[in-house]
Structures are given as C-alpha cells and as structure tokens.
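Trainee: Could you have a look at this structure, given as structure tokens, before my questions?
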C-alpha cells in the first residue's frame, strides 16, 4: 500500500475516541476491504506520549505473526496528525467477551481456553525471541477477528530490550490488576513479566474474575506480592489449573517461558487445532526474529524531528527563564 491517504477510504463509523485521537472503521473505495484507521494528534501529546505512539507504530510495522495485530500502513494528515491503518477485528476484544459472560457465569469450555492460550503464548514467544516485551497484557488488549483468531494489540508500552544478557527494565508501566510482583515492587523485570500478565488473563478467562482484586493500591500490592489467587473452578482439568498457577509463580526465574509452555505434551492437540484453523504462526518469507527495526516513512520522521527541535527550543527558553529568575533573586 504505497502513497496512502485518507482519501482512499470511506468512513463507516467511529469506534474509539480519546484525548489525543480517534479510531474509525473505514472501507477502501476500490477493494471494499475494511480496516481500522487510528488518527493521533501528535501536536497535543507530550514528548513521552508521542514516543509511545511512535513506538507502537514502529513495532507494529515490523511485526509479522498470526496472532499480532496486522499493520497495513501509515501517513501524515493535516500537518501533524499521524494516521495508522491496521486490520479490523470484527468480534471486539476479550474484555467485552468476559463482560457478557460474567453476569450468568457462562464459562468457556476448556478446549476453547487451550486454543486461546496457544495463540497468545505463540505471540509472546515470537515477541520474546525478538527481544520485545509487551508490558501491558490484559483482556482489553486482545482483539478477536470475525473467525475467532486472537490478535495481541496496543504496543504503546512495549519496549525493545537491549540484549540477551540485559533483558531487564525498571520502568513501572502496565495495568495494576495485571502487574507482576516485580513491577509493583519496582524491581527490574523482563519477559517473565509478560508471562505473569498472560497468566492473569488466563485466570480471568477461567474464573470470570481477576486473579487479584483489592479496594486500593496498597491492598493490591500486598495480594500480588504475598497472596494467592482464588482457586480456578473445578470444571477445568488439573493440567489447565497447573498451567495458570505456573504462570503466576511469584519468583520470575521460576516462571516458565512462553516457548516452554508451548512445548507441553498435553497442549499439543490444541496447538494442532489452532494451526489447522488459523494457519501457520508466521507468513511465508517473514523473519522469525527482528534483526533491526526498519525506518518510518520520511514524512513521519521529518515531523518527529520538527517536534524534537521544538521541544529543545522550549527547554532552552525555560532554562534561560529559570536562570534569569535566579539572577534576579541574587541581586
């Protein structure tokens, strides 16, 4: 999709709106194919928020996996609006599915849960092989296509870890109910943090409620760091309950990796069912590892450079003003 612009699409309806942008379902005027068009008003964002928006764009434009939201293209609109086109997931997200099931305690059957776990573990294993930590695993960030395929989305908080020997970060990010003990205790963490987050997701899909709940942040920290989640319903097998428990192991070094969990013998029938239904993990010719992240289009890079220059100038002026105030006080 070269030389893309909003003129190529008809807007169907708005599906999201926030302080810095919107999301619409759009339809290509020629092919009739539908997508989601995200518009982000970069000028209204702080430097940190712009970094998050661009990070998501940069990661999505390089990732190629069956269970990662597919990027289609990007362009600049109106001088400072970043437009990003991604695939449409017609069936919404897992958060909405849970909300519909919770009132009447309609549990997922275990075969379905196993297939969902396989898809999400596969996506995580791919990211982790590529030295990428998602850092915000939660049901609202897992989208569902019309045929039921799960897609991991929202890479704004993701980080590319520097190297195999230094795959740790200390930045506190994520959604509290899904945060690992290391994050809440502000200790260094790496890819095992994502396994914990997915463990929280799978617990919630099993029990129809979060693994850890509290009335305030202090109570949540205590439960996550030293408490145990409630039992998973007995309608699920011991294999399944042990899988979720292993993912919620407090000590990150004792937590199995996504790749290791995918090798479990009892999970192989689900692995085969997922492959038969949704195809291979990687498209033909796609690299399994990200050797490097490719550059963004020149117009987007130019806009980002302009923002950075503006931020440097604003900082220079603020520093000068501060020095003048200090000098005035010293007189």
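In full-length UniProt numbering, the protein residues as written are 1 to 331.
Each residue gets a CB set at the ideal place from its N, CA and C atoms; glycine is no exception.
Everything numeric in this text was worked out from a predicted model, so none of it was measured.
With DSSP as the reference, label residue 190 as helix, strand or coil.
Mentor: Note: residue 190 maps to coil in three-state DSSP.
Trainee: Ordered along the chain, which non-local residues of its own chain (more than five positions away) have a Cβ less than 6 Å from that of residue 80?
Mentor: Correct list, in chain order: 42 and 43.
Trainee: Hey, how far is the Cα of residue 261 from the Cα of residue 237?
Mentor: Answer to the nearest angstrom: the Cα atoms are 16 Å apart.
Trainee: Taking only three categories from DSSP, how would you classify residue 319?
Mentor: Correct three-state label for residue 319: helix.
Trainee: Determine the direct distance from the alpha carbon of residue 187 to that of residue 172, and round the result to whole angstroms.
Mentor: In this prediction, residue 172 has a pLDDT of 42, which is less than 50 and means its spatial position is unreliable; what the coordinates show is noted afterwards. Rounded to whole angstroms, residue 172 to residue 187 spans 9 Å at the Cα level.
Trainee: Count the other CB atoms within 10 Å of the CB of residue 109; is the residue buried (16 or more) or exposed (fewer)?
Mentor: Exposed, since its Cβ has fewer than 16 Cβ neighbours within 10 Å.
Trainee: Who are the near neighbours of residue 50 in its chain, counting only those whose CB is closer than 6 Å to its CB and skipping five residues on each side?
Mentor: If we look at residue 50 and ignore the five residues flanking it on each side, its Cβ neighbours are 42.
Trainee: What are the uninterrupted segments assigned as alpha helix (DSSP H) that are 4 or more residues long and contained completely in the segment 67-141, given in chain order?
Mentor: Within the segment 67-141, the complete alpha helix (DSSP H) runs of at least 4 residues are 94-101 and 110-129.
Trainee: Give me the DSSP bridge partner(s) of residue 35.
Mentor: The partner list for residue 35 (beta bridge, DSSP) reads 26 and 87.
Trainee: Please give me, in chain order, every unbroken run of the alpha helix (DSSP H) with length at least 4 that falls completely inside the segment 206-266.
Mentor: DSSP runs (the alpha helix (DSSP H)) wholly in the segment 206-266: 217-226, 238-247 and 258-262.
Trainee: Would you call residue 19 buried or exposed, if buried means 16 or more other Cβ atoms sit within 10 Å of its Cβ?
Mentor: When all chains shown are included, residue 19 counts as exposed.
Trainee: Between residue 65 and the rest of its own chain, which residues show a CB-CB distance below 7 Å, the 5 nearest in sequence each way excluded?
Mentor: So the qualifying residues of the chain are 123, 126, 281 and 282.
Trainee: From the DSSP output, read off the bridge partner residues of residue 144.
Mentor: In DSSP, residue 144 forms a bridge with 150.
Trainee: Using DSSP with H/G/I as helix, E/B as strand and the rest coil, what is residue 199?
Mentor: DSSP places residue 199 in helix when its eight states are reduced to three.
Trainee: In angstroms, rounded to a whole number, what distance separates the CA positions of residue 10 and residue 55?
Mentor: Using only the alpha carbons, I get a separation of about 27 Å.
Trainee: With respect to the alpha helix (DSSP H) encompassing residue 48, which residues constitute its N-terminal and C-terminal limits?
Mentor: Residue 48 -> alpha helix (DSSP H) spans 47-60.
Trainee: Distance, Cα to Cα, residue 241 vs residue 232?
Mentor: So the alpha carbons of these two residues sit roughly 6 Å apart.
Trainee: Quick one: is residue 93 buried, meaning 16 or more other Cβ sit within 10 Å of its Cβ, or exposed?
Mentor: Counting Cβ neighbours within 10 Å, residue 93 comes out buried, since at least 16 surround it.
Trainee: Short check: CB of residue 229 to CB of residue 248, under 8 Å?
Mentor: Yes, they are a contact pair.
Trainee: What residues in its chain sit with their C-beta under 8 Å from that of residue 17, if we drop five residues either side in the sequence?
Mentor: Closer than 8 Å at the Cβ level, and outside the excluded window around residue 17, lie 23.
Trainee: In terms of alpha-carbon separation, which member of 264, 259 and 218 lies closest to residue 239?
Mentor: The shortest Cα separation from residue 239 among 264, 259 and 218 belongs to 264.
Trainee: Alpha carbons only, please: which of 114, 146 and 222 is nearest the one belonging to residue 271?
Mentor: With distances taken between Cα atoms, residue 271 lies closest to 114.
Trainee: Is it buried or exposed, residue 45, if we count other Cβ atoms within 10 angstroms and call 16 or more buried?
Mentor: It counts as buried.
Trainee: Is it buried or exposed for residue 102, if we count other Cβ within 10 angstroms and need 16 for buried?
Mentor: With fewer than 16 other Cβ atoms within 10 Å, it is exposed.
Trainee: Can you list, in chain order, the residues of its chain with a C-beta nearer than 8 Å to that of residue 162? Leave out the 5 residues immediately preceding and following it.
Mentor: Any answer about residue 162 is weak, because its pLDDT of 44 lies below 50 and its placement is not dependable; what the coordinates show is given next. Here the set comprises 131.
Trainee: Using a threshold of 8 Å, state whether the C-beta atoms of residue 138 and residue 197 are closer than that.
Mentor: Yes, the Cβ-Cβ distance between residue 138 and residue 197 is below 8 Å.
Trainee: Distance, Cα to Cα, residue 259 vs residue 117?
Mentor: So the two alpha carbons sit approximately 12 Å from each other.
Trainee: In this structure, does DSSP put residue 64 in helix, strand or coil?
Mentor: Coil, per DSSP.
Trainee: Using only CA atoms, which one of 208, 97, 38 and 99 lies nearest to residue 75?
Mentor: Closest option to residue 75, Cα to Cα, is 38.
Trainee: Might you give, ordered along the chain, the residues of its own chain that have their beta carbon closer than 6 Å to the beta carbon of residue 330, omitting 5 neighbours on each side?
Mentor: For residue 330, where only same-chain residues beyond five positions count, there are no Cβ hits under 6 Å.
Trainee: Quick one: is residue 336 buried, meaning 16 or more other Cβ sit within 10 Å of its Cβ, or exposed?
Mentor: This structure does not reach residue 336, given that the chain is present from 1 up to 331, and the question cannot be answered.
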